[in-house]
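Residue numbers (this note's numbering), protein chains in the order written: chain X, 33 to 368; chain U, 33 to 368. Ideal placement from N, C-alpha and C gives every residue a C-beta, glycine not left out. To start, the structure itself, in structure tokens.
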């Protein structure tokens with residue numbers, strides 16, 4: 033690492049995040065499970081396969097159109113479990129509160145955690161609460177960790193990705209990130225955007241009902257679709273090609289992206305997933321996704337190609353092809 | 033709750049913490065496991081009994097004599113698992129970093145996490161890293177969650193406590209809290225105190241080898257011995273009586289307590305445990321504890337009595353008896 037101090041960009045989900053995690057954070061603990069750097073760690077006991085994951089949530093502002101930090105904290109961890117093919121079982125919830133934080137806001141946040149947990153049919157069974165002095169935190173930070181159970185015939189990971197596989201996205205990209213950013217910048221009345229933040233475990237269950245050939249799942253949170261596709265391509269080996277015109281994108285998100293100067297491919301999502309699936313089963317899987325409340329706008333947006341290895345290409349509307357890079361720089365801090 | 037805002041005292045481990053947790057935080061999620069409010073939640077799958085726990089660490093300062101926030105974050109969660117009688121298996125580690133935090137400090141903290149994890153023989157298999165702007169956090173906060181496995185013949189909980197049981201403490205009280213506080217107040221050169229922060233899972237394993245009649249275990253962290261004994265007494269029903277002179281207390285801790293005006297019974301510990309055990313087996317268990325590196329100063333300090341129900345009495349050195357109350361007020365913020 034060239035830097036001597038933590039930069040905001042270290043938390044953005046892009047290039048610098050990857051460097052910090054790989055070179056500094058994972059190194060001391062290097063072990064076969066952690067080093068896979070998946071959304072969930074997977075371990076087995078007595079023939080049972082468990083998924084285990086954690087996320088801290090520091091979104092700003094804590095209330096935004098379509099959700100709040102509490103809903104996000106439940107959905108984010110439920111989705112990390114679901115993306116490993118696990119049925120989410122239990123969550124922990126750990127709060128860091130700033131002295132002076134309004135109890136009424138805390139109650140609202142806890143209530144939306146309760147509601148999201150009910151939607152996901154997951155139980156919060158353990159927790160912790162800490163308080164720090166005024167100005168030692170920013171209102172509230174929430175950590176959730178989760179445990180899920182993976183059926184023995186489910187094997188979902190970047191290492192299952194094969195050349196020829198189809199790439200599916202389950203809905204509109206950019207809604208969450210642009211809604212949070214609009215609220216932060218005081219533009220939400222103009223954009224009218226809402227976060228899509230939702231638990232996706234029932235969507236995944238439905239997908240697994242119709243096909244066993246779902247090779248890889250990922251929720252494109254920090255760094256957006258661009259970061260996730262680049263990570264998957266790098267981890268699995270082959271390249272990917274995406275047709276820009278197939279990627280579901282709301283007019284409002286497009287407009288807000290232009291006002292704010294932000295690439296919607298780099299914006300965090302909290303209510304959609306990327307699925308990489310066997311090409312023969314892709315149509316059937318998309319149809320199943322569209323039947324659920326979370327996937328009405330699902331599309332096949334591209335496929336896995338042999339070359340260029342570990343890279344993502346974007347076929348643009350005007351017929352050209354460019355590289356869709358891993359996001360660099362600060363992108364959007366504190367979007368989740 | 034009478035208050036409308038979060039106070040520092042809500043995080044102190046005393047009376048207000050209990051109120052906040054019971055009335056505000058647990059209420060929305062009420063379920064049979066969470067409502068037990070134990071150090072670890074316990075759940076079963078296919079005949080296997082698992083423990084699951086989480087803690088966020090916000091200690092100030094982050095480096096103190098005998099440890100740092102990283103060592104604390106591993107030991108705290110390992111100990112919460114061990115206190116439920118579980119063999120700790122896996123940990124998660126989630127960091128919230130303040131922009132500008134020195135990378136060198138982060139590396140030091142991660143290295144002491146690695147070292148503590150090695151001591152405890154536990155593996156960190158998943159994690160998360162977030163960055164917030166300058167002054168939106170205080171350097172670094174760490175959350176760890178942990179999973180452990182409980183053998184089927186082990187049943188450790190406050191509900192196992194019986195009248196007549198002996199109360200054991202495994203070592204000197206107050207070392208951790210007084211060391212952190214001395215460092216914070218710039219007095220560490222005078223007190224020479226060191227935190228006792230250590231993983232206690234091997235101590236518990238040793239205890240379970242010599243006796244199956246260990247009824248309850250608890251590590252007296254926030255709120256110290258006073259908070260833990262009061263909680264256990266309230267949860268289990270009967271009262272407790274403690275002989276003040278039997279409680280292991282270093283002269284230096286006593287002296288520092290007097291300088292700082294703090295009751296060592298209310299100070300957080302991170303390297304000792306309280307065990308409530310069958311009276312017939314107590315001597316054997318204490319002898320086993322003393323043979324380990326973590327328990328040389330172990331003592332039987334009191335016993336469980338039928339009356340007064342749910343209360344803790346302290347037999348003082350001069351022959352009197354007073355109530356050892358649940359701590360109230362701010363006590364010591366950010367000691368873990």
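Output the distance between the C-alpha atoms of residue i and residue j, rounded to the nearest integer angstrom.
i                     : j                     : result
residue 334 (chain X) : residue 272 (chain X) : 7 Å
residue 306 (chain U) : residue 318 (chain U) : 11 Å
residue 134 (chain U) : residue 211 (chain X) : 32 Å
residue 316 (chain X) : residue 75 (chain U)  : 37 Å
residue 116 (chain U) : residue 237 (chain U) : 11 Å
residue 231 (chain U) : residue 215 (chain X) : 44 Å
residue 165 (chain X) : residue 197 (chain X) : 52 Å
residue 132 (chain U) : residue 94 (chain U)  : 15 Å
residue 126 (chain X) : residue 87 (chain U)  : 7 Å
residue 204 (chain U) : residue 124 (chain X) : 31 Å
residue 136 (chain X) : residue 349 (chain X) : 48 Å
residue 248 (chain X) : residue 320 (chain X) : 17 Å
residue 313 (chain X) : residue 229 (chain X) : 27 Å
residue 108 (chain U) : residue 171 (chain X) : 24 Å
residue 213 (chain U) : residue 367 (chain U) : 8 Å
residue 358 (chain U) : residue 217 (chain X) : 46 Å
residue 276 (chain U) : residue 330 (chain U) : 14 Å
residue 113 (chain U) : residue 129 (chain U) : 26 Å
residue 64 (chain X)  : residue 73 (chain X)  : 10 Å
residue 62 (chain U)  : residue 148 (chain X) : 14 Å
residue 192 (chain U) : residue 309 (chain X) : 52 Å
residue 92 (chain U)  : residue 295 (chain U) : 19 Å
residue 346 (chain U) : residue 186 (chain U) : 30 Å
With H, G and I counted as helix, E and B as strand and the rest as coil, what does DSSP make of residue i?
i                     : result
residue 225 (chain U) : coil
residue 376 (chain X) : Past the boundaries of the shown model lies residue 376 (chain X); chain X is included only from 33 to 368, so the question cannot be answered.
residue 92 (chain U)  : coil
residue 364 (chain X) : coil
residue 198 (chain X) : strand
residue 166 (chain X) : coil
residue 356 (chain X) : coil
residue 207 (chain U) : helix
residue 58 (chain X)  : coil
residue 13 (chain U)  : Only positions 33 to 368 of chain U appear in the structure, and residue 13 (chain U) is not among them; the question remains open.
residue 242 (chain U) : helix
residue 350 (chain X) : coil
residue 234 (chain U) : helix
residue 159 (chain U) : strand
residue 213 (chain U) : helix
residue 40 (chain X)  : helix
Among the options, which one has its Cα closest to the Cα of residue i?
i                     : options                       : result
residue 339 (chain X) : X:269, X:200 and X:313        : X:269
residue 303 (chain X) : X:286, X:208 and X:195        : X:208
residue 327 (chain X) : X:224, X:167, X:220 and X:280 : X:280
residue 122 (chain X) : U:177, U:252, U:242 and U:331 : U:177
residue 155 (chain U) : U:73, U:106 and U:265         : U:106
residue 267 (chain U) : U:43, U:50 and U:35           : U:50
residue 56 (chain U)  : U:65, U:233, U:64 and U:42    : U:42
residue 141 (chain X) : X:183, X:89, X:119 and X:189  : X:89
residue 360 (chain X) : X:297, X:342 and X:312        : X:297
residue 59 (chain X)  : U:158, U:179 and U:62         : U:158
residue 84 (chain X)  : X:119, X:92 and X:283         : X:119
residue 299 (chain U) : U:364, U:82, U:202 and U:239  : U:364
residue 239 (chain X) : X:222, X:200 and X:351        : X:200
residue 221 (chain U) : U:102, U:284 and U:357        : U:284
residue 341 (chain U) : U:194, U:291, U:77 and U:368  : U:194
residue 262 (chain X) : X:343, X:111 and X:99         : X:343
residue 182 (chain X) : X:242, X:39 and X:82          : X:82
residue 254 (chain X) : X:36, X:152 and X:48          : X:48
residue 4 (chain U)   : X:242, X:139, X:160 and X:345 : With chain U covering 33 to 368 only, the question about residue 4 (chain U) has no answer from this structure.
Go to residue i, then tell me how far its alpha helix (DSSP H) extends in each direction, as first and last residue.
i                     : result
residue 111 (chain X) : 101 to 115
residue 74 (chain U)  : Looking at the DSSP string, residue 74 (chain U) is not in any alpha helix (DSSP H); the run it does join, the beta strand (DSSP E), is 73 to 77.
residue 152 (chain X) : 135 to 152
residue 48 (chain U)  : 47 to 51
The beta strand (DSSP E) with residue i in it runs from where to where?
i                     : result
residue 175 (chain U) : 172 to 182
residue 130 (chain U) : 118 to 130
Considering only residues of the stretch 255 to 343 of chain U, which uninterrupted alpha helix (DSSP H) runs meet the minimum length of 4 residues and lie entirely inside it, listed in chain order?
256 to 268, 283 to 292 and 314 to 322
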